[in-house]
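S.K.: Chains as they are written, first to last, in UniProt numbering: chain W, 1 to 288; chain Z, 1 to 288; chain A, 1 to 288; chain E, 1 to 288.
Just dropping this structure here.
Number of protein chains: 4
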Amino acid sequence: MHGAGTSPYADAFALAAAQVKNAIDATIELGGSGYVFWGGREGYETLLNTDMGFELDNLARLLKMAVKYGRDKGFKGDFYIEPKPKEPTKHQYDYDTASVLAFLRKYDLDKDFKLNIEANHATLVGHTFQHELQVARINGVFGSVDANEGDMLLGWDTDKFPTNVYDATFGMLEILKAGGFTNGGINFDAKVRRASFTPEDIALSYIAGMDTFALGLIKASKIIEDGRIDEFVEKRYSSYESGIGEKILKEEISFEELEEYVLDKKDFNIESGSQEYLESIINSILFN
Amino acid sequence: MHGAGTSPYADAFALAAAQVKNAIDATIELGGSGYVFWGGREGYETLLNTDMGFELDNLARLLKMAVKYGRDKGFKGDFYIEPKPKEPTKHQYDYDTASVLAFLRKYDLDKDFKLNIEANHATLVGHTFQHELQVARINGVFGSVDANEGDMLLGWDTDKFPTNVYDATFGMLEILKAGGFTNGGINFDAKVRRASFTPEDIALSYIAGMDTFALGLIKASKIIEDGRIDEFVEKRYSSYESGIGEKILKEEISFEELEEYVLDKKDFNIESGSQEYLESIINSILFN
Amino acid sequence: MHGAGTSPYADAFALAAAQVKNAIDATIELGGSGYVFWGGREGYETLLNTDMGFELDNLARLLKMAVKYGRDKGFKGDFYIEPKPKEPTKHQYDYDTASVLAFLRKYDLDKDFKLNIEANHATLVGHTFQHELQVARINGVFGSVDANEGDMLLGWDTDKFPTNVYDATFGMLEILKAGGFTNGGINFDAKVRRASFTPEDIALSYIAGMDTFALGLIKASKIIEDGRIDEFVEKRYSSYESGIGEKILKEEISFEELEEYVLDKKDFNIESGSQEYLESIINSILFN
Amino acid sequence: MHGAGTSPYADAFALAAAQVKNAIDATIELGGSGYVFWGGREGYETLLNTDMGFELDNLARLLKMAVKYGRDKGFKGDFYIEPKPKEPTKHQYDYDTASVLAFLRKYDLDKDFKLNIEANHATLVGHTFQHELQVARINGVFGSVDANEGDMLLGWDTDKFPTNVYDATFGMLEILKAGGFTNGGINFDAKVRRASFTPEDIALSYIAGMDTFALGLIKASKIIEDGRIDEFVEKRYSSYESGIGEKILKEEISFEELEEYVLDKKDFNIESGSQEYLESIINSILFN
């Protein structure tokens with residue numbers, strides 16, 4: 001089953017290293033401000049022939065070498081990992097933002113990498129585009145965006161030009177809350193549909209995508225200006241600003257004291273999550 | 001929209017803390033060796049009313065208090081988190097093993113928790129049961145198992161009694177490779193189907209589940225004894241035992257040297273992944 | 001395993017018949033104009049205990065009796081079947097509109113039934129709401145609508161109040177093209193989210209749903225008025241209005257003649273499907 | 001947007017007709033006993049540019065011409081339609097067996113066509129392989145089989161060589177119950193995995209597939225011989241053999257009489273569906 005005397009897997013590592021080295025050289029030469037590792041090859045087709053632990057250790061080694069090489073050569077931009085759960089392989093290690101964070105933290109790489117979030121890769125996992133952006137943001141690894149759109153009823157990466165204004169708005173909302181881009185940006189990782197084969201289609205598709213994200217930015221900024229959504233969220237957690245809540249946040253309270261508080265308290269209130277009301281606010285801003 | 005002067009969310013924390021405290025007390029009293037946090041409540045229904053970062057910080061606070069309380073009271077067993085991606089809520093923070101690892105590592109909780117892997121929760125994410133077990137194993141957090149079976153064509157947690165011998169075999173294979181259980185075990189988180197309402201059905205269902213896992217254990221042990229699968233995997237990565245491969249593992253080589261190696265090398269080999277052959281081996285062991 | 005001397009399955013048929021009889025009586029008494037058979041019980045949990053052919057024959061018998069009974073009693077309204085693919089059972093016979101049509105046509109029931117299309121049931125199959133409405137329309141069985149919204153990332157019937165204006169617009173477009181409602185209408189088969197538990201939430205949710213469909217109606221009507229979409233489609237098939245196309249439609253041409261036509265023809269044109277352009281038109285109408 | 005003076009869509013019909021004509025000629029010349037229409041092109045990418053009713057009418061016209069041409073030329077074999085729900089297009093008209101039946105019955109083509117069921121296309125819809133085969137069987141259109149295997153966690157047509165013995169067994173069970181093949185057969189519509197690139201892999205993959213279906217046939221035949229499953233199903237519906245059940249089957253009873261029967265009856269029995277027990281029987285036969 002195997003050739004003897006050869007070292008195919010170690011050679012694959014060496015080939016990958018050589019390729020990445022040259023791509024980093026080119027990035028520096030061209031004044032690039034970001035270097036993206038796309039998550040579409042490292043992964044497995046079946047666990048029957050795979051040692052996942054070994055492969056992940058090796059992936060970490062490659063990334064460490066890449067960072068060292070790049071920094072030694074003076075690259076000041078960001079290194080990005082782009083999560084993708086599957087396709088072409090059955091399972092890819094950069095499954096989603098959380099998986100990448102688990103990996104980066106295990107190998108002490110979390111200071112060296114940011115994430116390049118692709119909308120269609122998010123939905124392939126089962127997350128919204130906004131979810132992936134928010135996970136990146138709250139963990140300090142938001143970096144860049146591959147803008148496109150999946151078909152929620154299809155199970156592959158369609159890489160459609162984005163035209164859904166809801167998704168673009170929620171995406172831009174996260175990007176604004178992340179403080180916008182530093183080294184990254186919005187890149188259309190999109191292709192025209194099979195039946196859109198004319199040069200005109202290509203122009204119209206980019207226009208459609210740009211218009212969608214431009215409108216998303218306008219609407220996201222209006223949502224923030226409007227203030228009702230943010231105010232609702234702030235108020236929702238306001239019970240942590242004083243009293244028992246404040247003690248919890250400051251970690252100045254124990255299980256015993258919390259039990260005592262509960263036993264002493266006469267009545268408890270709950271508050272509505274008001275999802276339908278909040279969705280109405282969004283529609284009132286989007287369609288006005 | 002809100003009641004004033006109340007502290008509903010901080011109170012929810014306090015109530016949860018009191019409940020967990022009492023459940024830990026009961027666990028200690030009963031000589032329990034494990035305490036499972038089930039991932040079916042912490043999460044969100046919509047990002048419109050949610051501050052994910054705030055909620056995750058709070059979740060970490062609760063877990064830290066729980067660990068401190070339990071250890072102070074002399075609990076020597078394992079704390080477990082049971083990943084579940086959704087249902088009842090839209091998104092649950094303990095999405096899968098990798099997400100839980102990202103969380104535990106962020107808050108320095110990775111030494112305190114192991115994972116309780118449920119088969120049906122794995123497939124709800126898009127992972128196999130074996131995948132989740134292997135991710136837990138290679139990260140040193142394998143703990144316990146909720147045995148059941150999902151229907152791969154249904155999008156909810158069916159909690160069916162497990163009767164698929166393939167899945168049970170691959171699951172037991174991972175458990176054996178993890179060195180078996182320490183404090184954990186196999187718990188049937190399963191219920192009879194709606195139309196199986198007789199006492200006889202309950203007995204037959206548990207028998208079916210136990211027979212399935214018992215057969216899975218026998219077959220997993222035969223796969224290891226047979227040796228062909230393990231030998232294939234070992235050989236697959238054997239190029240890392242010497243030469244360039246060894247240098248990579250020892251991290252004694254740089255991008256520059258790897259490029260040089262590649263440029264000097266005359267020809268490269270690749271080896272088959274042999275998936276179909278390996279699947280045949282499995283069938284030859286299962287059906288013999 | 002079985003009780004003897006009883007007739008549980010035939011009794012279930014009798015009980016169902018008695019229930020449907022009484023519900024039809026009540027419908028007539030109340031001046032109802034529609035009677036819906038909801039597709040959530042007839043189906044199977046496993047093929048191991050099921051004779052699908054037998055069950056479908058029986059279902060047809062029940063529906064025939066229902067039609068006969070209702071018409072004899074003077075019911076002039078519509079009978080509806082509401083497709084649903086699964087949940088609670090693994091597979092339901094009224095899977096989608098096409099499955100229902102196959103069934104109705106087999107048993108000569110297609111003149112007696114129309115369809116009640118539910119948005120969330122459509123997406124549970126893997127269809128859009130618009131798709132199901134159009135399949136019903138072009139087959140002359142469009143009847144009524146259960147308005148709600150699924151979560152495209154969740155695999156169960158969420159019955160959310162509809163707030164997505166795209167979906168409402170495309171749905172209303174089909175309803176307008178079907179000539180609007182006759183006996184049917186739009187019914188909110190929706191419930192507030194778990195965390196929306198106040199009376200205010202219920203009012204706000206219905207308002208949100210009604211506003212969404214009202215806006216959908218306005219936008220759908222503007223799409224028709226605008227004319228660009230309809231014109232594009234008409235032009236796309238205009239080659240069937242004369243020449244070879246006309247002969248095809250009139251079925252006045254054979255394979256031999258079509259081959260001859262092809263062999264004689266010098267060059268062939270193809271035309272763009274222009275999807276991105278058409279999606280831009282929709283956005284320009286929706287967000288204006 | 002459009003070329004003028006051309007007839008692209010009618011020409012596409014003519015080109016398709018010419019191709020099908022020549023393929024039928026070749027089939028006859030080669031003594032072929034079956035002609036399969038594969039469902040991977042007729043469908044739509046977006047409803048924005050599509051008139052589904054028009055396209056389905058045209059598809060029926062093409063199929064009618066094909067049947068007429070083939071029969072006139074003396075082709076005595078079967079015409080098959082192979083359902084596939086999507087990929088490459090978003091929605092394909094031959095979605096599943098039920099959709100094809102709805103179509104064939106609408107256009108009076110149900111006497112002329114049988115179905116070629118592909119395992120992976122079944123699971124892409126959300127059906128099991130066995131389900132699709134049984135729907136074909138009970139509607140008298142079972143014809144032929146494309147044997148392969150999908151990955152239940154991936155959303156595209158993987159066309160994997162089949163190695164799951166459960167699926168092969170349940171598939172062969174349906175084929176045996178359909179009386180086996182007449183003009184059709186089992187065709188491996190499968191390809192080796194990307195990493196299985198050697199000639200040896202191709203041989204081993206076909207062996208794996210054939211062994212799987214051969215074992216499936218042996219096991220299916222043992223299930224029938226064993227008799228417990230069939231006996232259970234027969235007994236489950238046995239209440240239709242006499243009394244009220246017999247009257248229902250003979251359609252000699254009305255809603256009024258059924259209500260009277262229900263009101264007179266003292267108590268009702270229900271019987272267990274015994275799914276777990278039946279699954280145990282299957283395992284006891286498969287792993288013995």
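Cβ coordinates follow ideal geometry from the N, Cα and C atoms, glycine included.
Fair warning: this is a prediction, and the values are worked out from it, not measured in the lab.
#1: Go ahead and label PRO199 (chain E) buried or exposed: buried means 16 or more other beta carbons lie within 10 angstroms of its beta carbon, across all protein chains shown.
#2: Quick check: SER274 (chain A) and TYR9 (chain E), are their CB atoms within less than 8 angstroms of each other?
#3: Can you check DSSP and say which residues form a bridge with ALA147 (chain A)?
#4: Assign LYS219 (chain W) to one of two classes, buried (16 or more other C-beta atoms within 10 Å of its C-beta) or exposed (fewer than that).
#5: With a 10 Å radius around its C-beta and 16 neighbouring C-beta atoms as the bar for buried, classify SER144 (chain E) as buried or exposed.
#6: Between which residues of its own chain and GLU45 (chain A) is the CB-CB distance below 7 angstroms, once the five residues before and five after are set aside?
#7: Closer than 8 angstroms by beta-carbon distance: list the chain Z residues that pair up with ARG61 (chain W), in chain order.
#8: Quick check: the Cα distance between VAL36 (chain W) and ALA98 (chain Z), rounded to an integer number of angstroms?
#9: Cβ of LEU278 (chain W) within 8 angstroms of Cβ of ASN269 (chain Z)?
#10: Since GLN134 (chain Z) meets chain W, which of its residues come closer than 7 angstroms, beta carbon to beta carbon?
#11: Taking only the alpha-carbon atoms, compute the straight-line gap between HIS131 (chain A) and ASP108 (chain W) and give it to the nearest angstrom.
#12: Am I right that LEU204 (chain Z) and SER205 (chain E) are in contact with their C-beta atoms under 8 angstroms? What's the rounded C-beta distance?
#13: Would PRO88 (chain Z) count as contacting chain A if we go by Cβ distances under 8 angstroms?
#14: Determine the chain A residues that contact ARG236 (chain E) at a beta-carbon separation under 7 angstroms, and present them in chain order.
#15: At a Cβ threshold of 8 angstroms, is GLU279 (chain A) touching chain E?
#16: Does any CB atom of chain E fall closer than 8 angstroms to the CB of GLU276 (chain Z)?
#17: Taking C-alpha atoms, which residue in Z:VAL141, Z:ALA14, Z:MET65 and Z:GLU82 lies nearest to GLY40 (chain Z)?
#18: Report the CB separation of TRP156 (chain Z) from GLY245 (chain A) in whole angstroms; it is logged as a contact under 8 angstroms.
#19: In angstroms with no decimal places, state the Cα-to-Cα distance between GLY3 (chain Z) and GLU271 (chain W).
#20: Would you say HIS2 (chain Z) lies against chain W (beta-carbon separation less than 8 angstroms)?
#21: Identify the contact partners of ASN283 (chain E) in chain Z, using a Cβ-Cβ distance below 8 angstroms as the criterion.
#22: Exposed or buried, LYS84 (chain Z), counting other C-beta atoms within 10 Å across all chains shown (16 or more means buried)?
#23: Within the same chain, show all residues whose beta-carbon is closer than 8 angstroms to that of ASN164 (chain A), passing over the 5 residues directly before and after it, in chain order.
#24: Can you find the residues in the same chain that come closer than 7 angstroms, C-beta to C-beta, to VAL100 (chain Z), ignoring five residues on each side of it along the sequence?
#25: Rounded to whole angstroms, what is the Cα-Cα separation between ILE138 (chain W) and ALA102 (chain W)?
#26: Near ASP201 (chain Z), what residues of its chain come up, given a Cβ to Cβ distance below 7 angstroms and the 5 sequence neighbours on each side ignored?
#27: Starting from ASN49 (chain Z), trace the alpha helix (DSSP H) both ways and give me its first and last residue.
#28: Whose CA, out of Z:GLU276, Z:GLU234, Z:ALA190 and Z:GLU251, lies closest to the CA of LYS160 (chain Z)?
#29: Give me the Cα-Cα distance between ASP167 (chain Z) and SER284 (chain Z), rounded to the nearest whole angstrom.
#30: Please look up how many angstroms separate the CB atoms of ARG61 (chain A) and GLU251 (chain E), rounded, as I've assumed it's under 8 angstroms.
#31: Could you run through the stretch 171-197 of chain Z and flag, in chain order, every residue whose CB is less than 7 angstroms away from some CB of chain E?
#32: Which chain A residues are close to TRP156 (chain Z), counting only those with a beta carbon under 9 angstroms from its beta carbon?
#33: SER242 (chain A): buried (16+ other C-beta within 10 angstroms of its C-beta) or exposed?
#34: Identify the contact partners of ILE229 (chain A) in chain E, using a Cβ-Cβ distance below 7 angstroms as the criterion.
#35: Could you name the residues of chain A that VAL67 (chain E) contacts, counting a contact when the two beta carbons are closer than 7 angstroms?
#36: What number of angstroms, rounded off, separates the C-alpha of GLU259 (chain W) from the C-alpha of GLU234 (chain W)?
M.R.: Once the coordinates are examined:
#1: Taking a 10 Å sphere around the C-beta of PRO199 (chain E), we find fewer than 16 other C-beta atoms and assign the residue as exposed.
#2: Not a contact, by the Cβ cut-off of 8 angstroms.
#3: Here ALA147 (chain A) is bridged, per DSSP, to A:PHE188.
#4: Under this definition LYS219 (chain W) is a buried residue.
#5: Buried is the call here.
#6: Result list for GLU45 (chain A): THR89 and LYS90, in chain order.
#7: Listed along the chain, the chain Z residues whose CB falls inside 8 angstroms of the CB of ARG61 (chain W) are ILE248, LEU249 and GLU251.
#8: Answer to the nearest angstrom: the Cα atoms are 22 angstroms apart.
#9: For LEU278 (chain W) and ASN269 (chain Z), no; Cβs fall outside 8 angstroms.
#10: By Cβ distance, chain W contributes LEU47 and MET52.
#11: Rounded to the nearest angstrom, the two C-alpha atoms are 49 angstroms apart.
#12: Not really, about 38 angstroms apart at Cβ, beyond 8 angstroms.
#13: Chain A contact via Cβ: present.
#14: Chain A residues near ARG236 (chain E): TYR9 and ASN49.
#15: Contact with chain E is found for GLU279 (chain A), since one of that chain's Cβ atoms lies less than 8 angstroms from the residue's Cβ.
#16: At least one chain E Cβ lies under 8 angstroms of GLU276 (chain Z).
#17: Answer by Cα proximity: Z:GLU82.
#18: The beta carbons of TRP156 (chain Z) and GLY245 (chain A) sit about 48 angstroms from each other, so the pair does not count as a contact at 8 angstroms.
#19: Bear in mind that a pLDDT of 39 at GLY3 (chain Z), under 50, signals an unreliable position, so the number given afterwards is only what the model happens to contain. So the alpha carbons of these two residues sit roughly 7 angstroms apart.
#20: Per-residue confidence for HIS2 (chain Z) stands at a pLDDT of 38, beneath the threshold of 50, marking its modelled position as unreliable; the derived number appears in the next sentence. So, interface residue.
#21: Simply THR163, VAL165, ALA208, ASP211, THR212 and LEU215.
#22: Answer is buried; the Cβ neighbour count reaches 16.
#23: The residues are GLU149 and THR212.
#24: So the list reads ILE81, PRO83, ASP94 and LEU115, once near-sequence residues are dropped.
#25: Roughly 14 angstroms separates the two Cα atoms.
#26: Counting only Cβ-Cβ distances below 7 angstroms, and skipping sequence neighbours, we find VAL192.
#27: Looking at the DSSP string, ASN49 (chain Z) is not in any alpha helix (DSSP H), and its letter there is neither H nor E.
#28: In this structure, Z:ALA190 is the residue among Z:GLU276, Z:GLU234, Z:ALA190 and Z:GLU251 with its C-alpha nearest to the C-alpha of LYS160 (chain Z).
#29: C-alpha separation (whole angstroms): 16 angstroms.
#30: Contact between ARG61 (chain A) and GLU251 (chain E) holds: CB atoms are separated by about 6 angstroms, below the 8 angstroms threshold.
#31: Of all residues in the stretch 171-197 of chain Z, only VAL192, ARG193, ALA195, SER196 and PHE197 come within less than 7 angstroms of chain E when Cβ atoms are compared, listed by chain position.
#32: Taking a Cβ-Cβ threshold of 9 angstroms, the residues of chain A close to TRP156 (chain Z) are GLU87, LEU154, GLY155 and TRP156, in chain order.
#33: The residue is exposed, with fewer than 16 neighbouring Cβ atoms inside 10 Å.
#34: Here the neighbours are LEU48.
#35: Simply none; closest approach about 10 angstroms.
#36: Distance from the CA atom of GLU259 (chain W) to the CA atom of GLU234 (chain W), rounded to whole angstroms, is 26 angstroms.
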